[in-house]
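S.K.:
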Amino acid sequence: MSLRSRPGPELTDAQIEAIVADAIATEASSARAEAAPPSSAIVWWRAQMRARQEAARAVERPLTIVHGLAIACAAGLALSLIGTAVAGVRGSTGWLLGVYQSLRAALAPLSAVDFTSGWMMVPMTAVLVSLVVASLAAVFILVDE
Amino acid sequence: MTFLDVRRLDVEHAAADVALAMDEDAFRAFYDRTAGALWGYLSRISGDRQVADDLLQEAYYRLLKSTTAFESESHRRNYLYRIATNLVNDSRRGARPLFESGIDVTDIPAPEAHATVERRADVRRAMGLLKPRERAMLWLAYAQGSSHSEIAEVLGLKTGSIKLLLFRARRKLAGLLQREVAR
Chain A
10 MSLRSRPGPE
20 LTDAQIEAIV
30 ADAIATEASS
40 ARAEAAPPSS
50 AIVWWRAQMR
60 ARQEAARAVE
70 RPLTIVHGLA
80 IACAAGLALS
90 LIGTAVAGVR
100 GSTGWLLGVY
110 QSLRAALAPL
120 SAVDFTSGWM
130 MVPMTAVLVS
140 LVVASLAAVF
150 ILVDE
Chain B
296 MTFLDVRRLD
306 VEHAAADVAL
316 AMDEDAFRAF
326 YDRTAGALWG
336 YLSRISGDRQ
346 VADDLLQEAY
356 YRLLKSTTAF
366 ESESHRRNYL
376 YRIATNLVND
386 SRRGARPLFE
396 SGIDVTDIPA
406 PEAHATVERR
416 ADVRRAMGLL
426 KPRERAMLWL
436 AYAQGSSHSE
446 IAEVLGLKTG
456 SIKLLLFRAR
466 RKLAGLLQRE
476 VAR
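Here the protein sequences come in this chain order: A and B.
Counting the first sequence from 1 gives a position; our numbering is that position plus 9.
Counting the second sequence from 1 gives a position; our numbering is that position plus 295.
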């Protein structure tokens, strides 16, 4: 039923229904002609990729939170230690002097030791090698990460 | 095995173990049956072909990710249309004016072309003046042949109210069409 052939103001419900049905049918046929949705294979593949990315992000998120908490705790601990140390230094410089004197007294016997002698070279070398190996191990771990 | 290796394996395992609501064959068959009609719905409800292109894939993705247990093919289809309707409603904020796209005349035989194009333009302008819910309702009823209960399910309305709302929408569209013709 064409509206152009009968544009009268008083239409019955049946006429209205027919006009609307005809108009929507016209648009529906136009939409069918225009429709060019992507293939189902492409849509499936994109959905799979997106779901995998979202799943991977969901796993990584809690670890990031744990890392953040660990860094925050370490920073807090470091700051509290620094604060304590600063307060200690400000509180009594005499305490620091006392520590220095104690250390000096404790290390006094070492001045008698001959570090160039053969029996001292073995432990000294072991300590040196251990330090080098530990440093190398730390470097390898960090590079791996 | 370092902590990072364990984490990498966790991520890879999660990525490989993606659970979608349908297997590939079932999805592709369902998509092939519904995609053309859904594109038509999206393009006519949003009034924008580009929006329809974008929202089509999003609607199917959300369907695949849904955990709803569908009782039948029509239940799944109605759910898909509900997702699509919500996507159009969400995308409408700040969208371009509706129904301004041109009409492709290449598929219309030459002698009928002028009258047909004019009629399509009238229909499109009139539909553009309807409320989105009225457009969706009329499209579902007359282009999709949906029942009142299906329309209610898609639009999130009560089944009992559909008859009256459809009646009003029909009268409004008929009035708008008359006005367009009289111009």
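Glycine included, each C-beta is placed from N, C-alpha and C at the ideal position.
Using three-state DSSP, classify B/A364 as helix, strand or coil.
M.R.: coil
S.K.: Taking only three categories from DSSP, how would you classify B/P392?
M.R.: Note that B/P392 has pLDDT 46, beneath the 50 cutoff, so the model's placement of it is unreliable and the number below is only indicative. Coil at B/P392, not helix or strand.
S.K.: Counting contacts by CB-CB distance shorter than 8 Å, is A/L86 in contact with chain B?
M.R.: no
S.K.: Determine the DSSP secondary structure at B/Q439, reduced to helix, strand or coil.
M.R.: coil
S.K.: Within 8 Å of any Cβ in chain B, is that where the Cβ of A/E19 sits?
M.R.: Chain B, which has no Cβ nearer than 8 Å to the Cβ of A/E19, makes this no.
S.K.: How big is the Cα-Cα spacing for A/P132 and A/R113?
M.R.: Taking the Cα positions, A/P132 is about 23 Å away from A/R113.
S.K.: Taking the alpha-carbon of B/W334 as reference, which of A/W53, A/A37 and A/I51 has the nearest alpha-carbon?
M.R.: A/A37
S.K.: What residue does the alpha helix (DSSP H) around B/P427 start on, and which one ends it?
M.R.: P427 to L433
S.K.: How many whole angstroms separate the CB atoms of B/T363 and B/Y374, which I take to be in contact at a CB cut-off of 8 Å?
M.R.: 6 Å
S.K.: Below 7 Å, is the gap between the Cβ of A/A56 and the nearest heavy atom of the ligand PLP?
M.R.: With respect to small molecules bound, the structure shown includes none, and the ligand PLP cannot be examined in it.
S.K.: Taking all protein chains shown into account, do 16 or more other C-beta atoms lie within 10 angstroms of the C-beta of B/F322, making it buried, or fewer, making it exposed?
M.R.: buried
S.K.: From which residue to which residue does the alpha helix (DSSP H) around A/V122 run?
M.R.: Here A/V122 belongs to no alpha helix (DSSP H), and DSSP marks it neither H nor E.
S.K.: List, in order along the chain, the chain B residues whose C-beta lies closer than 7 Å to that of A/I33?
M.R.: L433, W434, Y437 and A438
S.K.: Chain A beta carbons: is any one of them nearer than 8 Å to that of B/R465?
M.R.: yes
S.K.: Between A/S111 and chain E, is there a C-beta pair that is closer than 8 Å?
M.R.: This model lacks chain E altogether; the protein chains it does include are A and B.
S.K.: Comparing the C-beta of B/R371 with each C-beta of chain A, is any distance below 8 Å?
M.R.: Residue contact with chain A for B/R371: absent (no Cβ-Cβ distance below 8 Å to any residue of chain A).
S.K.: Under 8 Å between C-beta atoms, does B/F322 make it to chain A?
M.R.: yes
S.K.: Run the CB neighbour count on A/Y109, radius 10 Å, all protein chains shown included, and call it buried at 16 or more, exposed below.
M.R.: exposed
S.K.: Are the segment 453 to 463 of chain B and the segment 423 to 434 of chain B touching, with three or more C-beta to C-beta distances below 8 Å?
M.R.: yes
S.K.: Leaving aside the five residues before and after A/L86 along the sequence, list all residues of the same chain whose C-beta is less than 6 Å from its C-beta, in chain order.
M.R.: none
S.K.: Please report the straight-line C-alpha distance between B/K458 and A/E26, rounded to a whole angstrom.
M.R.: 13 Å
S.K.: Rounded to a whole number of angstroms, what is the C-alpha to C-alpha distance between A/R55 and A/A143?
M.R.: 48 Å
S.K.: Which chain B residues sit within Cβ distance under 7 Å of A/V4?
M.R.: Shown here, chain A extends from 10 to 154; a query on residue 4 of chain A therefore has no answer.
S.K.: Let's see if you can read the secondary structure: which residues bound the alpha helix (DSSP H) around B/K467?
M.R.: T454 to A477
S.K.: Using a 10 Å radius around the Cβ and a threshold of 16 neighbouring Cβ atoms, would you call B/D343 buried or exposed?
M.R.: With 16 or more other Cβ atoms within 10 Å, it is buried.
S.K.: Find out if the Cβ-Cβ distance for the pair B/Y356, A/S49 is shorter than 8 Å.
M.R.: In this structure, A/S49 does not lie closer than 8 Å to B/Y356 by Cβ.
S.K.: Is it buried or exposed for A/T21, if we count other Cβ within 10 angstroms and need 16 for buried?
M.R.: Residue environment: A/T21 is assigned as exposed (fewer than 16 neighbouring CB atoms within 10 Å of its CB, all protein chains considered).
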